[in-house]
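Position 393 (the sequence shown) corresponds to 402 in my numbering; numbering is contiguous.
These notes are about the structure you will find just below.
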Amino acid sequence: MKRACKQLILIFALHLAGISIIHTDAQERPIELDLTTTVQLANDSSLSAFRAKNSYMASYWEYRSFKADRLPSLSLYLTPVSYNRDYTRRYDSEQNIDIYRRQQSFYSFGNLAAQQNLDVTGGTFFVDSELGYIRNFGDQSYSQFSSVPLRVGYRQNLIGYNPFKWEKKIAPVKFEKAQKELIYQLEQTAETATGYFFDLAMAQAEYELAVENLASSDTLYSIGEERHKIASIGQTDLLTLKLDKVNARNSLQNAEINLKRSMFALAAYLNLEKDTRISLKLPDYPKQIIITEEKALSLAKENNPRYLDSEQQILQSEQTVERAKVESRFNAGLSASVGFNQVAESFRNAYRNPLQQDIVSLTLSIPLVDWGVRRGRHNMAKSNLSITRLTTRENEIRLEEDVIMTVGDFTIQQQLIRSAEEAMELARLAYDQTRERFIIGKADINSLTLSTSRRQEAQRNYILALKNYWQSYFKIRKLTLYDFEKQVPIAEIFDWNLTGKK
């Protein structure tokens, strides 16, 4: 029995060990990412993309509410139960005095109304039906029904402010801006992810180079010791080789720390597990893409949400000016309805032989003395409109400058990548030749140190050129919302299913 238990415990322990090994291997096995996959992950999983999509959904439902408000609505208003038992003041005509009497009553009311807002006039057309019931308790109980079988009416401000007209102007602009703002933010996410990608690529390349340099320094120091024994090199050169070996070991430790930090930053931005190991694959040499300043500016004016934001701000300021202007004068409102009405002691009789009901009301609001408050509000609104126009124009000029500078940077980076790639290859060949010549005693230590530094700098410049190119590329896409490879606006090929709604 004991032997069987020991076997079971051993099997269970081996099973747990196997699971632990598998889990450890899964954690240690790095995932390989290229730039395209990194950008896709950022747009799908990053917190910035999640925030942009939720902001768009809020604007989407706001626009849906605006559209629904343009359709007829049907509403039911109810007061099912209202019971009162209290003392209330009443007039006693026999004694010509006010006295308090006890009152006990029950009340119920319902209204079914359909209405339609009219954008052109700013009024509301409605059709409704009402039914009310009241019962008084006490020495003389009494019940009554009041019905309005049908009533048709219309109400609006005759001279007042028309909010429906301005909503019709502003809401479509606001929603179009929200659509383009979503794409803009996702392109910003791609630009940011590209920065993290190449930061890790730089750290990864420097770590690999540091490992190679440490191995090379160790080999060269061993060779230097042998050559020092035969007096081929002096003590100073041997100490320099030893110093290079120590520096290479320190550089490797710093490179390892920087690699972990860059890997964590990219994993965190992509919303991956903190301990995810990432191996990067640098993109191939990019295609030659020609973008002119004129085309980029034209596309930016057509697609960039900042121009729609300027349009929205101006419309809202004009809306405020008109409202302040209207409210500075007298106001008139009209409400008219035609229907039928009847009162009876029974429900059935409340709908028999209804009488015509005509209700017309005209309201006036005339400011007599306000000490210039309304005029001041109107003048302030006009001043704010002028400021808004100037501010939006200033923002547009800055945006145009940004587009021009980004196009210039993008064009230059395409040229720099080729020269940086050529410089990196030349630096590698020069280092290999100098190293071989040093081993056979035909190059001094200064030449070897210089070629090592040039190799590191050339590799760093190449990755930096790639980073600047791709960040410029995604930035020009962001500013123009245009896919220059497919030659089509991004909005036309955007997958709106990512947000769940369009």
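Ideal placement from N, C-alpha and C gives every residue a C-beta, glycine not left out.
Just so you know, these numbers come straight off a predicted model, no measurement behind them.
Here's the rule: buried if 16 or more other CB atoms are within 10 angstroms of the residue's CB, otherwise exposed. What is residue 513? In the structure as shown, the chain starts at 10 and stops at 511, and residue 513 therefore has no counterpart that could be examined.
Please list, in chain order, all residues of the same chain as residue 168 whose beta carbon is under 8 Å from its beta carbon, the five residues on each side excluded. 335, 338, 339, 340, 341
Check whether the Cβ atoms of residue 491 and residue 499 sit closer than 8 Å, and answer yes or no. yes
Environment of residue 478 [buried if 16+ CB atoms lie within 10 Å]: buried
Does DSSP put residue 80 in a helix, a strand or coil? coil
Comparing C-alpha positions only, which one of 429, 464, 181, 142 sits nearest to residue 442? 464
Unbroken beta strand (DSSP E) run spanning residue 373, endpoints: 364-374
For a quick check, are the C-beta atoms of residue 346 and residue 160 less than 8 Å apart? yes
Any idea which residues DSSP pairs residue 469 with across the strands? Answer by DSSP bridge pairing: none, since residue 469 is not bridged.
Cβ-based neighbour list, residue 321, same chain, cut-off 8 Å, excluding 5 preceding and 5 following: 179, 182, 183, 186
Can you confirm whether the region 87-95 touches the region 115-129 when touching is taken to mean that 3 or more C-beta pairs between the two stretches lie within less than 8 Å? yes
Which same chain residues, not among the five before or five after residue 125, have their C-beta less than 6 Å away from its C-beta? 81, 134
Distance check for residue 387 and residue 210, CA to CA, integer angstroms please. 59 Å
Please report the distance separating the alpha-carbon of residue 200 from that of residue 504. 19 Å
Contact set for residue 227: own chain, Cβ-Cβ below 7 Å, skip 5 residues either direction: 254
Quick one, which of 433, 66, 489, 434 has its alpha-carbon nearest residue 416's? 489
Taking only the alpha-carbon atoms, compute the straight-line gap between residue 405 and residue 424 and give it to the nearest angstrom. 29 Å
Out of 344, 151, 303, state which residue places its alpha-carbon closest to the alpha-carbon of residue 410. 303
Going by Cα to Cα distance, which pick from 462, 371, 329 is closest to residue 385? 329
Measure how close the beta-carbons of residue 462 and residue 401 come, nearest whole angstrom, since I'm counting them as under 8 Å. Residue 462 to residue 401, Cβ: 51 Å. No contact.
Do we get a CB-CB distance below 8 Å when we pair residue 442 with the residues of chain D? Judged by its chain identifiers, the structure shown contains no chain D, having just a single protein chain.
In angstroms, rounded to a whole number, what distance separates the CA positions of residue 421 and residue 262? 35 Å
If you drop the 5 nearest sequence neighbours on each side, which residues of the same chain put their C-beta closer than 7 Å to that of residue 549? Lying before the first or after the last residue shown, residue 549 is absent from the chain, which here runs from 10 to 511.
Whole angstroms is fine: what's the gap from residue 512's alpha carbon to residue 58's? The structure shown has nothing for residue 512, since the chain only spans 10 to 511.
What separation, rounded to the nearest whole angstrom, lies between the Cα atoms of residue 63 and residue 282? 23 Å
Beta-carbon within less than 6 Å of residue 33's beta-carbon, same chain only, minus the 5 sequence neighbours each way: which residues are those? For residue 33, the pLDDT reaches just 39, beneath the cut-off of 50, and the residue's location in the model is therefore unreliable, leaving the point undetermined.
Quick one: what's got a C-beta closer than 7 Å to residue 102's C-beta in the same chain, skipping five residues either side? none
Which whole-angstrom value describes the C-beta separation of residue 268 and residue 212, a residue pair presumed to lie in contact below a C-beta threshold of 8 Å? 4 Å
Any idea which residues DSSP pairs residue 156 with across the strands? 140, 351
Among 204, 128, 265, which has the Cα closest to the Cα of residue 473? 204
Beta carbon of residue 174 nearer than 8 Å to that of residue 107: no
Can you grab the Cα-Cα spacing for the pair residue 141 / residue 165, in whole Å? 26 Å
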